[in-house]
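Residue numbers for the sequence shown, in the numbering used here: 8 to 294.
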Amino acid sequence: MFWIIDTPGQLCNRLWSYAAFISYALEHDRPLHILYFARYQELFQHLDVLPGIKFHHRIEWTYAPMQRLFYLIRKFPAPWRRLGVAVLATDVVGMEAPATSGDNVLLLVQSWAATVPGRYLQLRHADIRRVFQPRQKYVRRAEKLISGLRRSSDLLIGVHVRRGDYRDYLNGRYYFDDTTYRRVMEELAEQRSDKQVRFFLCSNEPIELDNFAGLPVFTLPSAAGIEDLHALSLCDYIFGPPSTYSMWASYYGQVPLQFITEGKDALALEKFSPIVSQNTFANGTTV
């Protein structure tokens with residue numbers, strides 16, 4: 008049995024780390040309990056749809072004691088294992104050993120640090136979509152916008168304008184101004200000048216649409232983050248800076264994705280590829 012006890016960052020970091028263990032647990036028919044996802048549970052339709060996968064709530068008060076227990080067990084592993092309790096620590100590579108360790112062992116897991124082979128996410132893609140299906144009120148808003156755009160376009164490109172914490176993350180390495188996004192959009196539209204190309208823009212900061220004047224750009228007004236995320240997953244292509252957010256949209260909707268990593272990057276639509284597991288594209292490249 009696995010107990011996921013960490014809270015690795017914001018929504019999509021958690022989706023990636025938890026989904027990996029859900030996939031593994033399903034493939035090996037092992038119970039999995041995710042203890043501290045209450046902050047985001049309201050966003051999803053039916054998290055407990057799959058047997059053996061349980062999301063807990065109203066137990067946040069246990070978080071600090073659980074972390075202390077994790078590091079205590081890690082420091083003195085042998086006596087605890089005899090009691091049927093162990094930890095999946097940061098130095099564990101892969102998940103094949105726990106598969107043979109016996110279901111009677113309770114494993115406390117720091118999911119962001121532990122590694123699950125990417126093939127599990129590929130094998131269980133349909134199950135992960137079921138678990139993390141957004142609530143219908145969010146799905147409806149996103150799908151209404153996207154279906155409307157498709158009636159007047161041949162190609163819909165999602166643009167993840169990541170700002171906020173990216174101003175300081177890695178000294179602003181992936182914090183791009185609107186001029187950069189506009190240039191990439193113009194270049195992509197030119198590559199498919201035979202098509203009616205439209206762009207769906209989303210961001211964690213307000214978007215200045217005037218900076219994209221003359222381009223066929225659209226947003227979802229006053230969107231919740233989950234609505235923008237779902238709308239991205241319905242596009243034909245996605246681009247933006249490296250982010251677990253756009254990666255999740257690509258994986259969830261199997262949408263080809265490409266990252267801009269430098270202000271002068273030139274993207275080619277034929278090089279876009281769907282994400283199949285965190286940081287890994289279907290074409291074999293990695294982030």
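Note that the Cβ used here is the ideal one computed from N, Cα and C, for glycine as well.
Quick caveat: nothing in here was measured; it's all calculated off a predicted structure.
Range covered by the beta strand (DSSP E) that runs through residue i
i: H40; result: L39 to I41
i: Y205; result: Reading the sequence as shown, one finds Arg at residue 205 and not Tyr. Segment V204 to S210, the beta strand (DSSP E) holding R205.
i: K61; result: I60 to F62
Near the ligand HEM: residue i beta-carbon under 7 Å from a heavy atom
i: P124; result: Because no ligand of any kind appears in the structure shown, any question about the ligand HEM cannot be addressed here.
Proximity to residue i [Cα-Cα], best of the options
i: A299; options: K151, R126, E193 and R136; result: Residue coverage of the chain in this structure runs from 8 to 294, which leaves residue 299 outside it and unanswerable.
i: A238; options: N111, S257 and W119; result: S257
i: R174; options: H167, G165, D184 and L195; result: D184
i: I29; options: Y181, S154, M8 and F279; result: M8
i: P58; options: Y78, D36 and Q52; result: D36
i: P263; options: K278, S154 and G270; result: K278
i: N218; options: L130, V116 and T187; result: T187
i: G221; options: F77, T287, E193 and I66; result: E193
i: R4; options: T69, L114 and Y78; result: With the chain covering only 8 through 294, there is no way to say anything about residue 4.
i: N211; options: L236, V191, R189 and R190; result: L236
Residue i - containing alpha helix (DSSP H), residue span
i: Q198; result: D185 to Q198
i: I11; result: Careful: I11 lies outside any alpha helix (DSSP H), inside the beta strand (DSSP E) at F9 to I11.
i: V56; result: Run containing V56: none; DSSP gives neither H nor E here.
i: N20; result: L18 to E34
One or two residues paired with residue i in a DSSP bridge
i: V168; result: S210
i: V224; result: F206
i: G247; result: F266
i: T287; result: S284 and T293
i: V116; result: I11 and L95
i: P141; result: F51
i: L162; result: V204
CB contact flag (residue i, residue j, <8 Å)
i: L227; j: R136; result: no
i: Q48; j: F62; result: yes
i: P141; j: I80; result: no
i: A93; j: P84; result: yes
i: F207; j: G179; result: no
i: L156; j: R205; result: yes
i: V168; j: I11; result: no
i: S118; j: Y25; result: yes
i: A133; j: L95; result: no
i: R199; j: L163; result: no
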